[in-house]
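Student: Protein chains in written order, with my numbering: chain G, 3 to 336; chain C, 3 to 336.
Protein chains: 2
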Amino acid sequence: MKNGLTTTTIRTMADVWEAYRDELEGVEDQVRKNVDSTVALVNTVAAHILSSGGKRIRPLLLLLCARLCGYTAKDDLILGSLVEFIHTATLLHDDVVDDADLRRGRRTARKVWGNQISILVGDYLYSKAICKIVGFQNQGINEVLSEACRKMAEGEVLQLYYNGNPLITESEYLRIVEHKTAGLIAASCRIGAIVGEAPFEQQAALFRFGQHIGIAFQLADDTLDYVANGDRLGKTLGQDLRQGRATLPLLHLLQHCSAEDKQMIKDRMETRTLNEADLLRLLSLMKDYGSIVYAMERAREFVVAAKRDLVSFEDTPPKRALSVVADYMVNRDR
Amino acid sequence: MKNGLTTTTIRTMADVWEAYRDELEGVEDQVRKNVDSTVALVNTVAAHILSSGGKRIRPLLLLLCARLCGYTAKDDLILGSLVEFIHTATLLHDDVVDDADLRRGRRTARKVWGNQISILVGDYLYSKAICKIVGFQNQGINEVLSEACRKMAEGEVLQLYYNGNPLITESEYLRIVEHKTAGLIAASCRIGAIVGEAPFEQQAALFRFGQHIGIAFQLADDTLDYVANGDRLGKTLGQDLRQGRATLPLLHLLQHCSAEDKQMIKDRMETRTLNEADLLRLLSLMKDYGSIVYAMERAREFVVAAKRDLVSFEDTPPKRALSVVADYMVNRDR
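1) Are the beta-carbon atoms belonging to residue 126 (chain G) and residue 88 (chain G) less than 7 angstroms from one another?
2) Whose C-beta lies closer than 8 angstroms to the C-beta of residue 154 (chain C) among residues of the same chain, with five residues either side of it excluded?
3) Looking at the structure shown, is residue 70 (chain G) part of a helix, part of a strand, or coil, going by DSSP?
4) Any idea if residue 107 (chain C) is buried or exposed, counting beta-carbon neighbours within 10 angstroms, 16 or more meaning buried?
5) Helix, strand or coil for residue 239 (chain G) per DSSP?
6) On the DSSP letters alone, give me the boundaries of the alpha helix (DSSP H) that residue 258 (chain C) sits inside.
7) Residue 130 (chain C) touches chain G at which residues, Cβ-Cβ below 7 angstroms?
8) Please state if the CB of residue 71 (chain G) and the CB of residue 216 (chain G) are separated by a distance shorter than 7 angstroms.
9) Kindly give me the distance between the Cβ atoms of residue 274 (chain G) and residue 292 (chain G), rounded to whole angstroms, as I take these residues to be in contact under 8 angstroms.
10) In this structure, what does DSSP give as the bridge partners for residue 104 (chain C)?
11) Sort C:205, C:226 and C:104 by Cα distance to residue 50 (chain C) and report the nearest one.
12) Give, in chain order, every residue of the stretch 37-71 of chain C whose Cβ lies closer than 9 angstroms to some Cβ of chain G.
13) What is the DSSP secondary structure of residue 200 (chain G), reduced to helix, strand or coil?
14) Quick one, which residues of the stretch 88-114 of chain G are near chain C if we go by CB-CB under 7 angstroms, in chain order?
15) What did DSSP end up calling residue 314 (chain C) once you bin it into helix, strand or coil?
16) Residue 52 (chain G) and residue 110 (chain G): beta carbons closer than 7 angstroms?
17) Counting along the chain, where does the alpha helix (DSSP H) carrying residue 331 (chain C) start and finish?
18) Could you tell me whether any Cβ in chain G is nearer than 7 angstroms to the Cβ of residue 187 (chain C)?
19) Exposed or buried, residue 316 (chain G), counting other C-beta atoms within 10 Å across all chains shown (16 or more means buried)?
20) Residue 249 (chain C) and residue 227 (chain C) look like a contact to me (Cβ under 8 angstroms); what is the Cβ gap, rounded to whole Å?
21) Enumerate, from N- to C-terminal direction, the unbroken alpha helix (DSSP H) stretches of 4 or more residues contained entirely within the stretch 177-228 of chain G.
22) In chain C, which residues lie with their C-beta within 8 angstroms of the C-beta of residue 144 (chain G)?
23) Determine the burial state of residue 35 (chain C): buried for a count of at least 16 other Cβ atoms within 10 Å of its Cβ, exposed for fewer.
24) Suppose contacts are defined by Cβ-Cβ distances below 7 angstroms. Is residue 99 (chain G) in contact with residue 121 (chain G) by that definition?
25) Check whether the Cβ atoms of residue 84 (chain C) and residue 119 (chain C) sit closer than 7 angstroms, and answer yes or no.
26) Mind checking residue 32 (chain G): buried by the 16 CB within 10 Å criterion, or exposed?
27) Within its chain, find whatever has a CB closer than 6 angstroms to the CB of residue 170 (chain G); leave out the 5 residues flanking it on each side and keep chain order.
28) Assuming residue 47 (chain C) contacts residue 115 (chain C) (C-beta within less than 8 angstroms), just tell me the rounded distance between them.
29) Less than 7 angstroms between C-beta atoms, sequence neighbours within five positions excluded: which residues of the same chain meet that for residue 207 (chain G)?
30) If the cut is a Cβ gap below 8 angstroms, which residues of chain G does residue 141 (chain C) touch?
31) Out of curiosity, what's the CA-to-CA distance linking residue 308 (chain C) and residue 67 (chain G)?
32) Cβ closer than 8 angstroms: which chain C residues qualify as neighbours of residue 199 (chain G)?
Given below as structure tokens:
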């Protein structure tokens, strides 16, 4: 935390990045330091995806929670980098599972080096992170993180199971979101609390905070997939539907639209095709029935819940920063 | 260990299976018990591969090492089942990486449910095992196992890196084998020693024992890929070469055969094709130059080294069983 920044001066994400610039640079140093396999190709592939412009939200949350609980040393930066390794491992596998060619505007590792390498370097990053984490000899951290990883894998399988199926309920959809996205974010927050030696209730509160913002993050992401902003039009919108995934705005629409439109949506989900005319019709229907508004409103409810999880903490710069991060979950470009 | 069986009555693998039948059934119980995801599809896929006739060599080694070190309770059976989970996770990913349709005569999970499910259920089995293992709160076990997993992933990447390349040296080949195969077998043995609270030197000796038999296992496996026995002919032989992998018998042949034959082998590795005539020529060359004999001799040297690792242990039924398992590594059908 830079000198001179106080609770009142942290208002935007830019303020947060600036206030914790040194710590986040420490995370980057750790990320680079841990790309140290004796197998050169592992390092090349790992560096490709690790330097592809990820926002390091999980390390940021981990260190903010640690500092909220009074921690001042540097283990949180190392642990943050290891959580980022795990997150990156899941991205490598996701890109294979999704047949993705681009991630953040760059060619995916699977596109450059192939699916095989992506699967195996994903395995490497995950096992490397576990290796380093057990070195901390902290039972709480071991348990929280391994449990989060198990849930992530379950969430991914569940998502694949419901692929192409428009009959998924909102509660099953939320279960997927909670497993595949919120779990690791919640674990990051709790690990921060553990490093900060916070009492159990505070650990639990920060875990819930992470769950809530994690769900908000995914709901907003899924909603933005149907929201045009400037240059994002045509084929870049509606990607979830093209992959056979029914997300919250679509689930809302399916519950309210005509039988005919419902059939059209089901067809498109099954065939995983969505031409320009279909897309425009879909966006117009979502507007008419308030599906976008509904989904963003649900996302915001989770942000509100997240902020409630922070009430027992004193008003300090890290608390203010966590609150800004919570808002950011639903106010991002995709 | 069944009553009445003594050091002198354990002579074959059948004797070992019989002597430790109850313990191995305990391992099976644990395997079944841990297939308990709330996501039904995860359990279906996990059960498919876990019940596909694996010999449970790693759990067997773990429990034999534990009993060699005087352990009599049941944690070794649980830990054995978890090591088997990790091994199974690697098989699921290997089958995707290798485009494999069959494993032990059955359709692979990727063939039945697709690559995506295989990748994700592999991730699940691995993370589930780590979850349960950290529950033992044993730092030694955490470190040994996570390190083995990291090395396995590195070994797999290294193997892929050298794919299609006939210029790999024998020492690089052995490095791959040591990482991808011997690491988890060695870890299984050491975990047995840790559970048995053996002194550090004995833990290290059993780790080396595992490394040596693990390498012997893979060398023998790679050699059997070129050895016809009865019904294994034609397309089932030479699969490693068809996948672009140069293994020990081929590396030996490449060092001794004519420039013309060398070129033929390089061509086949690059194009990943091997017709019946090529194969017969290759097998005949390997016979002429003693490549099969050489590779099996190298495998046997590792078995001899493994047995030397056991000298400091008293002559008991588990020691006798470990010695039988060591011999079995080079006396199996593939």
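By construction, the Cβ of each residue, glycine as well, lies at the ideal position given by its N, Cα and C atoms.
All values reported here derive from a predicted model rather than from experimental measurement.
Tutor: According to the data block:
1) With a cutoff of 7 angstroms on beta-carbon distance, residue 126 (chain G) and residue 88 (chain G) are scored as not near each other.
2) So the list reads 92, 181, 182, 185 and 186, once near-sequence residues are dropped.
3) Three-state result, residue 70 (chain G): helix.
4) Flag for residue 107 (chain C) reads exposed.
5) In this structure, residue 239 (chain G) counts as coil in the three-state DSSP scheme.
6) Element bounds for residue 258 (chain C): 250-258.
7) Ordered by position in chain G, the residues that pass the 7 angstroms Cβ test against residue 130 (chain C) are 152.
8) For residue 216 (chain G) and residue 71 (chain G), no; Cβs fall outside 7 angstroms.
9) The beta carbons of residue 274 (chain G) and residue 292 (chain G) sit about 26 angstroms from each other, so the pair does not count as a contact at 8 angstroms.
10) Answer by DSSP bridge pairing, in chain order: C:109.
11) Nearest C-alpha to residue 50 (chain C): C:104.
12) For the stretch 37-71 of chain C, the set of residues with a beta-carbon nearer than 9 angstroms to any beta-carbon of chain G comprises 39, 40, 41, 42, 43, 44 and 47, in chain order.
13) In this structure, residue 200 (chain G) counts as coil in the three-state DSSP scheme.
14) Correct list: 95, 98 and 99.
15) In this structure, residue 314 (chain C) counts as coil in the three-state DSSP scheme.
16) At a Cβ-Cβ threshold of 7 angstroms, residue 52 (chain G) and residue 110 (chain G) do not count as neighbours.
17) Per DSSP, residue 331 (chain C) belongs to no alpha helix (DSSP H) and is neither H nor E.
18) With its beta carbon at least 7 angstroms from every one in chain G, residue 187 (chain C) lies outside the interface.
19) By the beta-carbon neighbour count (other beta carbons within 10 angstroms, threshold 16), residue 316 (chain G) is exposed.
20) Confirmed, about 7 angstroms.
21) DSSP runs (the alpha helix (DSSP H)) wholly in the stretch 177-228 of chain G: 185-197 and 202-226.
22) The contacting residues are 136 and 144.
23) Exposed, since its Cβ has fewer than 16 Cβ neighbours within 10 Å.
24) It is not a contact, given that the beta carbons lie outside the stated cut-off.
25) Taking the C-beta atoms as reference points, residue 119 (chain C) is found no nearer than 7 angstroms to residue 84 (chain C).
26) Counting the other CB atoms within 10 Å of its CB gives residue 32 (chain G) a total of 16 or more, which places it among the buried residues.
27) Excluding sequence positions up to five before and after residue 170 (chain G), its CB lies within less than 6 angstroms of the CB of 164 and 248, all in the same chain and listed in chain order.
28) Distance from residue 47 (chain C) to residue 115 (chain C) at the Cβ level is roughly 6 angstroms; contact confirmed, criterion being Cβ atoms closer than 8 angstroms.
29) The residues are 311 and 314.
30) In chain order: 136 and 139.
31) Per the coordinates, the alpha-carbon of residue 308 (chain C) lies some 50 angstroms from the alpha-carbon of residue 67 (chain G).
32) For a Cβ distance threshold of 8 angstroms, nothing in chain C lies close to residue 199 (chain G): the least Cβ distance comes to about 19 angstroms.
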